[in-house]
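Novice: Taking the working numbering, I'd label the letters of the sequence shown as residues 1 to 342. We treat Cβ as the ideally placed atom computed from N, Cα and C, and that holds for glycine.
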Amino acid sequence: MRAAARRLRGQADPEPQGRHGRDRGAHPHPDRPRAGSLTPERVVASLPPPLLGPLPAAGVRGSWDYRLGFRLDVSRPDSVDFHAEVIPHDLELDPEKSRLNLLGLEQPFVAEIHLPHGRTATRDLSSANPHHRALEAIDSILVHAVLTNEDGGFYRHSGFNPDAVRGAIADNIRAGAYRRGAGTITMQLARNLYLGHERTLSRKAQEVVLAWILEHLTYVSKRRLLEIYLNVIEWGPGVHGADEAARYYFGRDASRLTVAQALFLATVLPAPTKWRYRFDPEGALRPFERAQMHFIGRAMAKKGWLGESDLPPADSLRVEILGPAREMLLPERPAGADTSAS
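The following block contains the structure:
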């Protein structure tokens, strides 16, 4: 990667799988800042450091305007209207000031992964790590199952998905409680590489900003962002990335998964340390887990990512835990002894 600063001038990205411009309400002169435009210096001077977190270390320079709109009739949850737009003016990452690894993501690097409860882990994202996998070396069914379950709009949004926000607000109002979020894969990546897992509004705002930076100022492709994500995301206790997960649960390479194994791994991601609750005491998948796996499979089939004939009925979905995870699930039962979970 060149050491030169990366620049964005408000134009639509020409890469078909990359970041997309916004036509609605576009600023007539996106390169021309207005008197009230925000700058990193103004933001840092206006907000206390705890609210900013690591954002000043990103090394952003330039200015921007923004538009934010929100309307809701609580008696009609589906009436929620939310939109957000950033209008950049010569925004760039300054390589002399950036103290976060934002300009080196296209190259091999050692990732420091921030986990819940203040834990951290490191993974070498290079060929020196036998478990590192290029995106094309990960079973395509697993890749699409993860996209379906975690971020179906990954290739369409620019780091932040207003449609998902609208849907989450409506669902949470109907439920009368917090039931779902609107995080994207890019936001999850920002959380894991730079932030941690605190559940605070300031941390969520930092996550959104860093996701926007990842998608707009680093010039890293969507494919590369997804590849990094699939190599660092936590998939179990001390298990990070698709290949470690495939070997931990099934004793096989991430390129050689069955449909059921791929669907199971996709369901584990939201709560990777609680995967055992998806099995009954005999080691068979619980009904709710089979239903969730089948739901993901049906959604994949609708998108053409999985053949209808390749998806078994929900009550026929089975996986057998064969890797190191078996000692946690069935410590006294050798592999092959439980036909109910085959």
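Please list the terminal residues of the continuous beta strand (DSSP E) segment that includes residue 76.
Specialist: From DSSP, the beta strand (DSSP E) with residue 76 extends over 76 to 93.
Novice: Closest by CA to residue 108, which one among 234, 225 and 312?
Specialist: The shortest Cα separation from residue 108 among 234, 225 and 312 belongs to 225.
Novice: Hey, how far is the Cα of residue 278 from the Cα of residue 40?
Specialist: Using only the alpha carbons, I get a separation of about 46 Å.
Novice: Can you give the beta carbon distance from residue 240 to residue 121, rounded, assuming they're within the 8 Å contact cut?
Specialist: That belief holds up - the Cβ atoms of residue 240 and residue 121 are roughly 6 Å apart, short of 8 Å.
Novice: Please identify the residue among 81, 73 and 89 whose C-alpha is closest to the C-alpha of residue 66.
Specialist: Measuring from the Cα of residue 66, the nearest candidate turns out to be 89.
Novice: Once you ignore the five residues that flank residue 51 on each side, which residues in its own chain have a CB closer than 7 Å to its CB?
Specialist: Around residue 51: 202.
Novice: Beta-carbon within less than 6 Å of residue 332's beta-carbon, same chain only, minus the 5 sequence neighbours each way: which residues are those?
Specialist: Cβ within range, chain order: n/a, list empty.
Novice: In whole angstroms, give me the CA-to-CA distance for residue 219 and residue 128.
Specialist: Approximately 25 Å, taken between the alpha carbons.
Novice: Between which two residues does the beta strand (DSSP E) harbouring residue 236 extend?
Specialist: It spans 234 to 236 - the beta strand (DSSP E) in which residue 236 sits, taken as one unbroken run.
Novice: Beta carbon of residue 77, beta carbon of residue 170: below 8 Å?
Specialist: In contact: residue 77 and residue 170 (Cβ atoms closer than 8 Å).
Novice: Taking buried to mean at least 16 other C-beta atoms within 10 Å of its own C-beta, is residue 207 buried or exposed?
Specialist: With 16 or more other Cβ atoms within 10 Å, it is buried.
Novice: Which partner residues of residue 66 appear in the DSSP bridge assignment?
Specialist: Paired residue(s): 86.
Novice: Taking Cβ positions, are residue 325 and residue 236 nearer each other than 8 Å?
Specialist: Yes. Within cutoff.
Novice: Based on DSSP bridge pairs, tell me the residues matched to residue 110.
Specialist: Bridge partners of residue 110: 124.
Novice: Provide the residue(s) that pair with residue 239 in DSSP beta bridges, ordered along the chain.
Specialist: Looking at the DSSP assignment, residue 239 forms a beta bridge with 236.
Novice: Is the region 89 to 106 in contact with the region 52 to 64, if contact means three or more CB pairs nearer than 8 Å?
Specialist: Yes, the region 89 to 106 touches the region 52 to 64.
Novice: Quick one: grab the DSSP three-state call for residue 348.
Specialist: Nothing can be reported for residue 348: it is not among the residues displayed for the chain, which extend from 1 to 342.
Novice: Please tell me whether, using a cut-off of 7 Å, the distance from the CB of residue 156 to the nearest non-hydrogen atom of the ligand NAP is below it.
Specialist: No copy of the ligand NAP occurs in the structure displayed, which carries no ligand at all.
Novice: Does the separation of the CB atoms of residue 266 and residue 190 fall below 8 Å?
Specialist: Not closer than 8 Å, so no.
Novice: Can you tell me whether DSSP reads residue 139 as helix, strand or coil?
Specialist: Note: residue 139 maps to coil in three-state DSSP.
Novice: Considering residue 298, what are the terminal residues of the alpha helix (DSSP H) in which it resides?
Specialist: Segment 287 to 302, the alpha helix (DSSP H) holding residue 298.
Novice: Quick check on residue 310: does DSSP put it in helix, strand or coil?
Specialist: In this structure, residue 310 counts as helix in the three-state DSSP scheme.
Novice: In this structure, does DSSP put residue 71 in helix, strand or coil?
Specialist: If DSSP states are grouped into helix, strand and coil, residue 71 belongs with the strands.
Novice: Cutting at 8 Å between CB atoms, please list the residues of its own chain near residue 329, excluding the five before and the five after it.
Specialist: Here the set comprises 276, 279, 283 and 321.
Novice: For residue 60 versus residue 72, is the C-beta spacing smaller than 8 Å?
Specialist: The answer is no: Cβ separation not under 8 Å.
Novice: Mind reading off the beta-carbon distance from residue 256 to residue 94? Whole number of angstroms is fine, and I expect it under 8 Å.
Specialist: The pair is not a contact, with the Cβ atoms about 44 Å apart (cut-off 8 Å).
Novice: Quick one: residues in its chain with C-beta nearer than 6 Å to the C-beta of residue 26, no 5 flanking neighbours on either side, listed in chain order?
Specialist: The predicted model places residue 26 with a pLDDT of 40, which falls under 50 and marks its position as unreliable; any figure quoted below should be read in that light. Correct list: empty, nothing qualifies.
Novice: Note the first and the last residue of the continuous alpha helix (DSSP H) segment covering residue 40.
Specialist: Where residue 40 is concerned, the enclosing alpha helix (DSSP H) stretches over 40 to 46.
Novice: Does residue 264 come out as helix, strand or coil in the three-state DSSP assignment?
Specialist: Three-state result, residue 264: helix.
Novice: Nearest CA to the CA of residue 288: which residue from 305, 301, 64 and 268?
Specialist: Nearest of 305, 301, 64 and 268 to residue 288, Cα basis: 268.
Novice: Is the separation between the beta-carbon of residue 297 and that of residue 263 shorter than 8 Å?
Specialist: Contact: yes.
Novice: So, is the C-beta of residue 97 closer than 8 Å to a C-beta in chain D?
Specialist: Going by chain labels, chain D is absent from the structure shown, which holds only one protein chain.
Novice: Quick check on residue 209: does DSSP put it in helix, strand or coil?
Specialist: Residue 209 falls in the helix class under three-state DSSP.
Novice: Just the C-alpha distance for residue 110 and residue 132, rounded to the nearest angstrom, thanks.
Specialist: Residue 110 and residue 132: Cα-Cα distance of roughly 11 Å.
Novice: Roughly how many angstroms separate the alpha carbons of residue 85 and residue 142, rounded to a whole number?
Specialist: Cα to Cα, residue 85 sits roughly 32 Å from residue 142.
Novice: Could you give the first and the last residue of the continuous alpha helix (DSSP H) run that contains residue 134?
Specialist: Unbroken run through residue 134: none, as it is neither H nor E.
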